[in-house]
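If you read the sequences in order, they're chains U and B. So that you can map any letter, position 235 of the first sequence is 268 in the working numbering, and since no number is skipped, the others follow by simple counting. So that you can map any letter, position 269 of the second sequence is 302 in the working numbering, and since no number is skipped, the others follow by simple counting. Backbone N, C-alpha and C fix where the C-beta goes; we use that ideal spot for every residue, glycine too.
There are 2 protein chains.
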Amino acid sequence: MAQRCEDLGERRLVRRVAEILGISERDDCAMVEDGENYLVWTTDMLHRRADFPEIATGWQIGWMAAAVNLSDVAAMGALPTGLLFAAGIPPGTEVEYVEEIFAGMKDCARTFGTRILGGDLDSCDELTLVGTALGRVERDRVLRRRGARPGDLLCTTGTLGGAGAGLRVALEAEGKGIGSDPGLVALTRRLLEPSPRMAEGRALALSGAATSMMDNSDGLVLSLYELAEASGVGFLLQEEMIPIDPLVALVAEDREDALDLALTAGGDFELVFTLRSDRIGDAADACGLAVIGTVAEEGVILASAEGTEELRPRGYDQMKRPGR
Amino acid sequence: MAQRCEDLGERRLVRRVAEILGISERDDCAMVEDGENYLVWTTDMLHRRADFPEIATGWQIGWMAAAVNLSDVAAMGALPTGLLFAAGIPPGTEVEYVEEIFAGMKDCARTFGTRILGGDLDSCDELTLVGTALGRVERDRVLRRRGARPGDLLCTTGTLGGAGAGLRVALEAEGKGIGSDPGLVALTRRLLEPSPRMAEGRALALSGAATSMMDNSDGLVLSLYELAEASGVGFLLQEEMIPIDPLVALVAEDREDALDLALTAGGDFELVFTLRSDRIGDAADACGLAVIGTVAEEGVILASAEGTEELRPRGYDQMKRPGR
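1) Taking only the alpha-carbon atoms, compute the straight-line gap between P279 of chain U and E233 of chain U and give it to the nearest angstrom.
2) Within 10 Å of its beta-carbon, does K209 of chain B have 16 or more other beta-carbons around it, so buried, or fewer, so exposed?
3) Is N102 of chain B helix, strand or coil by DSSP?
4) What residue from U:A219, U:I149, U:Q271 has the CA that sits closest to I325 of chain U's CA?
5) Return helix, strand or coil for F118 of chain U, following the three-state DSSP convention.
6) For S245 of chain B, which three-state DSSP category applies?
7) Short of 7 Å Cβ to Cβ, which residues in the stretch 222-252 of chain U face chain B?
8) Using a Cβ-Cβ distance under 9 Å, would R37 of chain U count as near chain B?
9) Using 10 angstroms around the beta-carbon of A428 of chain B, count the other beta-carbons present and answer buried if the total reaches 16, otherwise exposed.
10) First and last residue of the alpha helix (DSSP H) that includes C38 of chain B?
11) For the alpha helix (DSSP H) that contains G168 of chain U, what are its first and last residues?
12) Go through its chain and collect everything with a Cβ distance to F29 of chain B's Cβ below 7 Å, but skip five positions before and after it.
13) According to DSSP, is D153 of chain B part of a helix, a strand, or is it coil?
14) Is it true that the CB of R37 of chain U sits closer than 9 Å to the CB of T126 of chain B?
15) In angstroms with no decimal places, state the Cα-to-Cα distance between T161 of chain B and L79 of chain U.
16) With DSSP as the reference, identify every bridge partner of L113 of chain B, one or two as the case may be.
17) Would W92 of chain U and E133 of chain U be called neighbours here (beta carbons separated by less than 9 Å)?
18) Name, in chain order, the residues that DSSP records as bridge partners for W74 of chain U.
19) Just the C-alpha distance for R178 of chain B and L225 of chain U, rounded to the nearest angstrom, thanks.
20) Let me know if R169 of chain U comes out buried or exposed under the rule of 16 or more other beta-carbons within 10 Å of its beta-carbon.
21) Kindly list the residues whose CB is nearer than 8 Å to the CB of I211 of chain B, restricted to its own chain and excluding five residues on each side of it in sequence; keep chain order.
22) Where A181 of chain U and K139 of chain U are concerned, what is the direct C-alpha to C-alpha distance, given to the nearest angstrom?
23) Report yes or no: is there a C-beta of chain B within less than 9 Å of the C-beta of C320 of chain U?
24) If we call anything under 9 Å between Cβ atoms a contact, is G191 of chain U one with E159 of chain U?
25) Let's test the definition: count the other Cβ atoms within 10 Å of the Cβ of P355 of chain U and tell me whether it reaches 16, buried, or not, exposed.
26) What separation, rounded to the nearest whole angstrom, lies between the Cα atoms of P183 of chain B and A317 of chain B?
27) Against F135 of chain U, what residues of chain B qualify as contacts under a CB-to-CB distance less than 8 Å, listed in chain order?
28) My guess is that C62 of chain B and M109 of chain B are in contact by the Cβ rule of under 8 Å, so how many angstroms apart are they, rounded?
29) Residues of chain U with CB under 8 Å from E159 of chain B, in chain order?
30) What residue range is occupied by the uninterrupted alpha helix (DSSP H) comprising I211 of chain B?
31) Would you mind reading off the limits of the beta strand (DSSP E) that contains F135 of chain B?
32) Can you tell me the Cβ-Cβ gap for D105 of chain U and T75 of chain U, rounded? I've got them flagged as a contact below 8 Å.
33) Just verifying my parser: in three-state terms, what is the DSSP assignment at A323 of chain B?
34) Going by DSSP in three states, T29 of chain B sits in which element: helix, strand or coil?
35) State the Cα-Cα distance for the pair R357 of chain B and T327 of chain U, rounded to the nearest angstrom.
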């Protein structure tokens with residue numbers, strides 16, 4: 034019987050396609066030589082039903098569509114040059130809703146120092162937003178997924194698990210609205226109004242202290258597997274050092290559940306990166322960060338008071354979505 | 034009652050969105066300053082049902098998705114730097130079919146001197162391909178939609194109407210296949226394997242003879258309305274000079290029908306451009322072209338043996354698709 038995409042799964046399908054196209058390395062952005070710089074360049078496709086909970090406003094949908102692309106530019110240590118958007122819109126959509134979406138995109142782009150320069154409008158059955166972002170970074174400053182070496186420190190910006198907890202709140206609120214509890218509202222904003230770590234990514238690149246970097250859009254553990262493969266290394270995570278978003282406690286059943294959200298839920302759009310251990314001071318000057326472990330020879334291992342366990346590559350798979 | 038996108042139509046919706054984003058001029062690509070060059074940059078969204086007839090093979094779908102983006106780069110007089118693709122794939126799709134699509138993209142990119150550098154795979158209900166292409170052109174050579182002046186010659190590359198005639202063949206063939214008639218097969222290839230006018234666009238830019246340019250992806254007449262608006266001019270088309278694709282005769286009911294296909298059907302991906310009248314020799318050295326009229330003060334007028342008529346802006350509207 035013919036093999037189908039859902040049998041193969043997203044990551045193996047990506048590998049198959051990359052082989053056809055002759056793409057040997059994957060980073061958050063593609064790279065194009067441009068004099069002393071690289072142009073870095075990314076694209077992301079989002080769909081109304083799969084990528085946005087029911088409670089998302091048009092403005093939030095637009096914001097997020099810009100943010101996910103800018104996060105990829107940030108993850109290369111680049112400055113953003115601009116964005117384009119292809120938008121597939123069901124013809125029956127209210128014009129005002131479409132205007133809100135584009136206002137959200139515009140506000141996100143402006144907030145992070147760039148602009149939306151153009152795009153393509155199309156009609157389709159399900160609202161589909163495909164952004165593409167361009168940035169520039171000096172050739173000797175670019176940060177890639179490869180470059181981590183055993184002994185380096187493993188770090189993250191911000192806190193983890195907030196977007197995953199926000200998704201629980203959003204799914205719970207379907208059909209009845211989210212209410213006015215400020216903690217729950219804040220959690221859904223973690224999910225729906227992510228802040229790409231533009232300034233942090235750039236400062237880390239300029240610091241010269243980081244050895245590899247990516248964003249954690251599909252969850253921390255999957256990101257570590259990507260970094261591990263690209264760099265030919267492993268990671269030893271320290272459980273007690275993982276900066277779980279304090280708001281996660283509002284929805285997590287217990288400490289284990291909170292940790293699981295921080296490790297595997299997608300959508301936080303923080304930067305995960307490795308540092309030369311002697312440059313931690315320069316990196317900490319560059320941006321707020323948390324050291325969460327070290328680069329090891331192999332494996333993705335979590336160390337806690339109870340001992341160590343190998344973490345499975347668990348997270349978001351586009352081709353094997355729950356409920357499909 | 035709230036206004037809906039289908040009431041507004043594609044072009045007015047585009048204008049509304051452009052206003053929100055602060056985009057004052059539209060060309061086939063957005064432009065970004067890059068030292069002595071412009072980076073030119075475009076994105077196009079295509080859907081399985083709306084943009085490809087049933088008979089299209091996976092390879093043809095991939096080819097076309099690359100070609101439509103490269104045509105926009107060609108229309109600026111730029112050299113292509115690379116392409117990215119976001120692909121939304123129904124999870125039940127056969128892996129082999131997806132591989133064919135990417136092989137088609139790759140073959141098109143290679144044929145026109147460039148590469149696919151990366152992208153994003155996503156799942157969705159309907160196959161959706163969104164390409165983005167990047168190119169470079171010298172600042173003093175870039176060709177835009179504005180720049181046409183009364184007295185300039187109006188020209189097109191290639192022939193017109195072939196893709197529209199190919200669409201008729203393709204729709205007729207639904208459910209029963211296309212057969213082996215070489216003329217009909219050739220017509221469907223006009224539609225499904227368009228050749229972006231990369232070399233022609235570049236040569237015209239370097240010639241210095243052209244004053245404005247765009248591709249005719251939505252049909253000649255709509256393209257002329259776009260050029261007219263951007264340049265603040267009009268056009269006087271000469272009916273007998275319009276180079277109707279000779280294969281159109283295989284499906285057209287009569288001369289009038291053939292002319293209608295040449296004027297209004299989309300998908301030919303030829304370049305429409307204007308020339309200083311004293312530089313026609315340089316332009317003809319640069320590429321094969323047909324003079325089809327002149328730049329006038331206003332209106333889009335067709336002159337024939339029977340007299341003149343104003344052409345209505347008739348062509349493809351994404352928001353008002355027949356049958357939806």
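Considering the structure as presented:
1) Cα-Cα distance, rounded: 21 Å.
2) K209 of chain B should be labelled exposed.
3) Of the three classes helix, strand and coil, the one that applies to N102 of chain B here is helix, per DSSP.
4) For the residues U:A219, U:I149, U:Q271, the minimum Cα distance to I325 of chain U belongs to U:Q271.
5) Looking at F118 of chain U - three-state DSSP - the assignment turns out to be strand.
6) Strand, per DSSP.
7) From the stretch 222-252 of chain U, no residue has a Cβ closer than 7 Å to chain B.
8) Interface residue (Cβ-Cβ distance to chain B less than 9 Å): R37 of chain U is classified as such.
9) Because chain B in this structure spans residues 34 to 357, residue 428 of chain B falls outside the shown range and cannot be described.
10) DSSP places C38 of chain B inside the alpha helix (DSSP H), whose first and last residues are 38-41.
11) Where G168 of chain U is concerned, there is no enclosing alpha helix (DSSP H), although the beta strand (DSSP E) it sits in stretches over 161-171.
12) One cannot answer for residue 29 of chain B here, as it falls past the ends of chain B, which runs 34 to 357.
13) Reduced to three states, the DSSP call for D153 of chain B is strand.
14) Yes, the pair counts as a contact, with Cβ atoms nearer than the cut-off.
15) Roughly 11 Å separates the two Cα atoms.
16) In the sequence on display, residue 113 of chain B carries Pro and not Leu. Partner(s): B:G168.
17) Result yes, Cβ atoms of W92 of chain U and E133 of chain U sit closer than 9 Å.
18) For W74 of chain U, which the question treats as bridged, DSSP gives the partners U:A63, U:L167.
19) So the two alpha carbons sit approximately 38 Å from each other.
20) Counting the other CB atoms within 10 Å of its CB gives R169 of chain U a total of 16 or more, which places it among the buried residues.
21) Hits under 8 Å: I88, V202, A203, L217, V218, T221.
22) In this structure, the alpha-carbon of A181 of chain U lies about 35 Å from that of K139 of chain U.
23) Closer than 9 Å: no.
24) No, the pair does not count as a contact, with Cβ atoms beyond the cut-off.
25) Low confidence applies to P355 of chain U: its pLDDT is 45, below 50, so where it sits in the model is not reliable, and the reading given next is rough at best. Classification for P355 of chain U: exposed.
26) Going by the C-alpha atoms only, they are around 20 Å apart.
27) Close partners of F135 of chain U in chain B (Cβ separation under 8 Å): V50, I53, L54.
28) Sure, about 5 Å apart at Cβ, within 8 Å.
29) Ordered by position in chain U, the residues that pass the 8 Å Cβ test against E159 of chain B are C157, D158, E159.
30) Here I211 of chain B belongs to no alpha helix (DSSP H), and DSSP marks it neither H nor E.
31) Element bounds for F135 of chain B: not the beta strand (DSSP E) but the alpha helix (DSSP H), 128-144.
32) Contact flag correct, Cβ pair sits at about 4 Å.
33) It is a strand residue.
34) The requested residue 29 of chain B is not part of the displayed model; chain B covers only 34 to 357.
35) Bear in mind that the predicted position of R357 of chain B carries a pLDDT of just 32, short of 50, making it too unreliable to give a figure here.
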